[in-house]
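First comes the structure, then the notes that go with it.
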Amino acid sequence: MIVLLLVLCIADGVLCQIRYSVPEEADHGTLVGNIAEDLGLDLTKLASRRFQVVPNSRTPYLEVNLENGVLFVNEKIDREQICKQSASCQLNMEVFLENPLELFRVEIEVVDINDNPPSFPETDITVEISESATPGTRFPLESAFDPDVGSNALRTYDITTNNFFYLDVQTQTDGNKFAELVLEKPLDREQQTAHRYVLTAVDGGQPPRTGTALLVVKVLDSNDNVPVFEQPVYTVSLSENAPLGTLVIQLNATDLDEGLNGEIVYSFSNHISSRVKDLFSIDSRTGRIEVRGEVDFEESSLYQIFVQAKDLGPNAVPAHCKVLVKLSDVNDNAPEITFSTVTESVSENAAPGTVIALLSVTDRDAEENGQVHVEILGDVPFKLKSSFKNYFTIVTDGPLNREQADSYPVTVVARDKGTPSLATSKSIRVQVSDENDNAPTFTQPVYDVYVTENNVPGAYIHAVTALDPDIGQNAVISYSILECDIQGMSVKTYVSINEETGYLYALRSFDYEQLKEFTFMVKAKDAGTPELSSNATVKVIIVDQNDNAPLVLAPLGKNGTAKEPLPRSAEPGYLVTRVVAMDADDGENARLSYSIQRGNENGMFRMDWRTGELRTARRVSVKRDPHQQYDLLIEVRDHGQPPLSSSASVLVVLVDSVAEGRGGGEKGGTSKAKDSTLDLTLILIIALGSVSFIFLLVMIVLAVRCQKDKKLNIYTCLTSDCCFGCSSCCSRQGRARKKKLSKSDIMLVQSAVNVSGAGTAQVPVEESGSFGSHHQNQNYCYQTKHQRAELSYLVDRPRRVNSSAFQEADLVSSKDSGHGDSEQGDSDHDATNRGHSSGADLFSNCTDECKALGHSDRCWMPSFVPSDGRQGPDYRSNLHVPGMDSVPDTEVFESPEQTADRSFSTFGKEAPLSYQHLHQHLSHHHGSLERKELEAFLPSSRAPYNPAYLTRKRLC
């Protein structure tokens, strides 16, 4: 019969104990129990949780089916062979599951069956008794032995019924039973010399088993006195591990007889166990009992020694006593540590309290010698937790970080409380498994990558590096470029990255003149779960190369040769011309220097190497300068490495006057000025004057028509589309939605000039001529961008000529409130005041709406030409040559009439010289370079700023 007992289960589920019982001699395959079902485990998860038996707890007698948890008998169990005479016989087994760790202690009690009968050491037992023995005398008999225990052990003895003896069955302190033969009636040797009986030993089994022996009692002749011990029972204490020969006790028995009848011999009784005979010895003559073998408290704490004393006389009757030997425990056993299970590795993200290992600690000693204190050595993130009896678990006691320590040595020390104290230690190594808890980190947040322009496409330019302290897949880093646009194109058309190494490659050849730098983001991500990533910024800086030769902009001429006049009366330092050049490169590569390479052998000229100004170094001498012209080759060289250069050919022609030189230039140099029959300069002036007069006449007619039809003031008509239909524009004006104008709504259009200046607002516009040689009169009015034109307002601001006046004008303009309305203290208010004082007639026809809205900012209104005709600045003050230091230009004096005709308004801001204006100047001066040809030499990236309001012009 199999009995199942569920004894204990710890609350936290770490350790449970279950107990079964099984009879000995059970056949192979006998079911003991189902561990999984009895513990309430999920049978479907046994395999996934690695259900198994702790290796050091395995026994050959029992086996567990790891698939279903069934415990069965694997080999026939013989309790007497396993446990000897122990009252309890128990087999232990430990099983556990992982994820989470759960350990179960299984105790299997082997139940004894009555499979062994009692047996005597000898089949014939002989006892000699003197005929003089008195009734009641006891004679111990050899005991029978029954290997069974409990109720199946030896229970009693029986003897054949007779008239002389009976049996007295006694129980020893260890539970064993022995029989003494008691004389009930005196014996008479002369009547019967021997008595024979059957001695039977009976056990307590069901049914009982018996063992028999023949008991022979021999009747001896009389010996009057028997030896006598001082006491029937002796109790002594003996320390375990006592050395061999240690005295246990000195026995002393006395006999009143004399001679051989009084001489005593000591010996062990017949029923003493063989183990006692192995451990102790007795001197037959002195009665001295000594230690013969190794006595161990852990084996037995008490030994019973039965001793008999018998004299040497005939028909001697022995005397008996019992010696109880109590062993005292000595701390001779160190604690024993046994690891039942150890987790191979623990995650670095494991929560505190995670079970790492299960161990048991035992000490075979008793009392304080067997009491054990267990601890973990060192500063490690683990601690011991008592689970059940002598079982302990090692659990985590804090956060783990594999990047700081990938494993920990854990040493467990067990120390008892004996004197001296004994200790045992065992160590295990706990591996910390990696988790993806660290994102890749770039070695620097920003990478500055310098790439020289004109690089080879596909060339390696740099390497970005990210580090991940994790290991395995968690540390495998891949690189990528985050999508972004550079100049309207994907960054991946500019650079690429090796996703394994982080090497960056240029996918195109970079041009510093088109792209100076660009920035993008690179991403590094690991292969862990979940993926972690980080970004870094890469700034690619294009390094300029000296790959552009200087480009000569002026002077230009036909067939690559420019002609410049030189008056014979020119003083030393006279400015012949200025060589203007630019270089598309940057820095030193664009810093230019000018020099005369050829044609100045007689030292007539000197060249400013910084500004490119060609001046006379001395006066013209008839003797030293017999030629009428000088063919100079001017070289412009940059400061790059290696330096690049360009050259310009300048033909300097000696003339009697500047006017003669200019006229000759217009004719292409085919004839001398003194041979010209027609003064070209006079013709040009007459033509320009005629055209200007026609424009002014048309302007007057349009202005008068607008006044008659809509009775609006002249400046209101000029702001709208009235230039091509005053009737329609003025009719729309009344219906237009009122709103406040902004400066972005104002645009520049051509208009005719009213030379009379009476009744209308003149808006003269200045446009610099080419090198001061030619001028055209162009005047502009202003209109809005929208189809429905809003009101515009004009406020005159005097124009200053010198540089200090320009600065003062800019300071005044900066006071604008930015809203278009006049306020006290700002430029609008000042301009309005001046309008009332100096130009009252201009606004005499203003409507109430115009006056209510106020006038436009004075800084953005076209200015009248001062009545005194002051000279405007030369065009060179608005020209910036890259790489050249600013130098003051030589003043060019012109007549007041020319200056008045060249006025130009830019709404209070000085207009920079655009490439369009420059081309117009060069074309007027040389007549050969087309605009598209000039723009082909000048990259758009270096084109001067061209305001948006100058892009729309309508001929008035």
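Numbers 816 to 1771, taken from this note's numbering, label the letters of the sequence shown in order.
All C-beta atoms, glycine included, are put in the ideal place defined by N, C-alpha and C.
* To do: Take every Cβ of the segment 1356-1374, pair it with every Cβ of the segment 1452-1461, and state whether three or more of those distances are shorter than 8 Å.
  => Touching, per the Cβ criterion.
* In chain order, what residues of the same chain lie with their CB nearer than 8 Å to the CB of A1057, ignoring the 5 residues before and after it? -> Its chain contains V1106, V1110 as the residues whose beta carbon lies nearer than 8 Å to that of A1057, once the 5 sequence neighbours on both sides are disregarded; these appear in chain order.
* **Close Cβ partners of V921 (< 6 Å) along its chain, the five nearest in sequence each way excluded** => If the five residues before and after V921 are omitted, its C-beta is found closer than 6 Å to the C-beta atoms of I833, M908, all from its own chain and listed in chain order.
* Can you give me the Cβ contacts of P1167 inside the same chain, cut-off strictly under 7 Å, excluding the 5 residues immediately before and after it? => Taken in chain order, the residues that qualify are T1211, D1212, G1213.
* With DSSP run on the structure shown, which of helix, strand or coil describes N1350? -> In the structure shown, the three-state DSSP call for N1350 is strand.
* Please list, in chain order, all residues of the same chain as P1345 whose beta carbon is under 8 Å from its beta carbon, the five residues on each side excluded. => For P1345, where only same-chain residues beyond five positions count, the Cβ hits under 8 Å are N1251.
* **Sufficient close CB pairs (3 or more, under 8 Å) joining the segment 1233-1240 to the segment 1150-1166** => With contact defined as three or more Cβ pairs closer than 8 Å, the segment 1233-1240 and the segment 1150-1166 are in contact.
* **Every unbroken beta strand (DSSP E) within the segment 1259-1341, with a cutoff of 3 residues, ordered by chain** => Counting only runs of 3 or more, we get 1261-1267, 1275-1278, 1292-1296, 1310-1312, 1318-1321, 1332-1341.
* To do: Determine the burial state of R1024: buried for a count of at least 16 other Cβ atoms within 10 Å of its Cβ, exposed for fewer.
  => Buried is the call here.
* Asked: So the beta strand (DSSP E) R1413 belongs to, where does it begin and stop?
  -> Element bounds for R1413: 1407-1413.
* Please say whether V1468 and Q1444 have beta carbons closer to each other than 8 Å? => Between Q1444 and V1468, the C-beta spacing is below 8 Å.
* Please classify A1377: does DSSP put it in a helix, a strand, or coil? => Reduced to three states, the DSSP call for A1377 is strand.
* Asked: According to the Cβ coordinates, are F1154 and L1174 closer than 8 Å?
  -> Yes, they are a contact pair.
* **Buried or exposed (CB count within 10 angstroms, at least 16 for buried), N1038** => Looking at its Cβ environment, which holds 16 or more other Cβ atoms inside 10 Å, N1038 is buried.
* Asked: Name the DSSP bridge partner or partners of N907?
  -> N907 is bridged to E922.
* Asked: Should V1083 go down as buried or exposed, given a rule of 16 or more other Cβ atoms within 10 Å for buried?
  -> For clarity, residue 1083 is Phe in the given sequence; the question names Val instead. So F1083 counts as buried.
* Between the Cα of D1126 and the Cα atoms of Q1119, L1368, Y1081, which residue gives the shortest distance? -> Closest option to D1126, Cα to Cα, is Y1081.
* Asked: Under three-state DSSP, which class holds A758?
  -> Nothing about residue 758 can be reported from this structure: the residues present for the chain run from 816 to 1771 only.
* Whole angstroms is fine: what's the gap from A1181's alpha carbon to D1144's? => C-alpha separation (whole angstroms): 7 Å.
* Alpha carbon to alpha carbon, how far is K1232 from H1188? -> Pairing K1232 with H1188, the inter-Cα distance amounts to about 8 Å.
* To do: Helix, strand or coil for A1502, going by three-state DSSP, please let me know.
  => Under the three-state reduction of DSSP output, A1502 falls in the helix class.
* Which residues DSSP lists as bridging Q1119, in chain order -> By DSSP's assignment, Q1119 forms a beta bridge with L1139.
* C-alpha distance - R873 paired with E1315, whole-angstrom precision -> Between the alpha carbons of R873 and E1315 lies a distance of about 51 Å.
* **Cβ separation of V885 and N849, assumed to be a contact under 8 Å, to the nearest whole Å** => Cβ atoms of V885 and N849 come within 8 Å of each other, at about 5 Å.
* To do: Would you mind sorting C904 into buried or exposed? The rule is 16 or more other CB atoms within 10 Å of its CB.
  => Buried is the call here.
* Buried or exposed: where does K1724 fall if 16 or more other Cβ atoms within 10 Å of its Cβ makes it buried? -> Its pLDDT being 36, under 50, K1724 is placed unreliably in this model, and the value from its coordinates should be taken loosely. Under this definition K1724 is an exposed residue.
* **Top-ranked residue by Cα proximity to G1102, from L1117, A841, F1121, N1085** => Of the listed residues, the one whose Cα sits closest to G1102 is F1121.
* Asked: Given that a residue counts as buried once 16 or more other Cβ atoms are within 10 Å of its Cβ, and exposed if not, what is N1269?
  -> Flag for N1269 reads exposed.
* To do: Keeping to the same chain, check which residues put their C-beta closer than 7 Å to that of T986; ignore five residues upstream and five downstream.
  => Cβ neighbours of T986 beyond the five flanking positions: K992.
* Asked: Can the beta-carbon of V1176 be found closer than 8 Å to that of F1197?
  -> No, the Cβ-Cβ distance between V1176 and F1197 is not below 8 Å.
* Asked: Per DSSP, F960 is paired with what?
  -> Paired residue(s): S934.
* Asked: When the Cα atoms are used, what is the spatial distance from S1462 to I1449?
  -> Cα-Cα distance, rounded: 5 Å.
* Are the segment 1430-1439 and the segment 1340-1354 in contact at 8 Å, needing three or more beta carbon pairs? -> Result no; under three Cβ-Cβ pairs closer than 8 Å.
* Is it the case that the Cβ atoms of L1002 and V1034 are separated by a distance below 8 Å? -> Contact: yes.
* Given that a residue counts as buried once 16 or more other Cβ atoms are within 10 Å of its Cβ, and exposed if not, what is S1052? -> With fewer than 16 other Cβ atoms from the protein chains shown falling within 10 Å of its own Cβ, S1052 counts as exposed.
* Residue from N1146, R1393, L1139 whose Cα sits closest to the Cα of V1091 -> Closest by alpha carbon: L1139.
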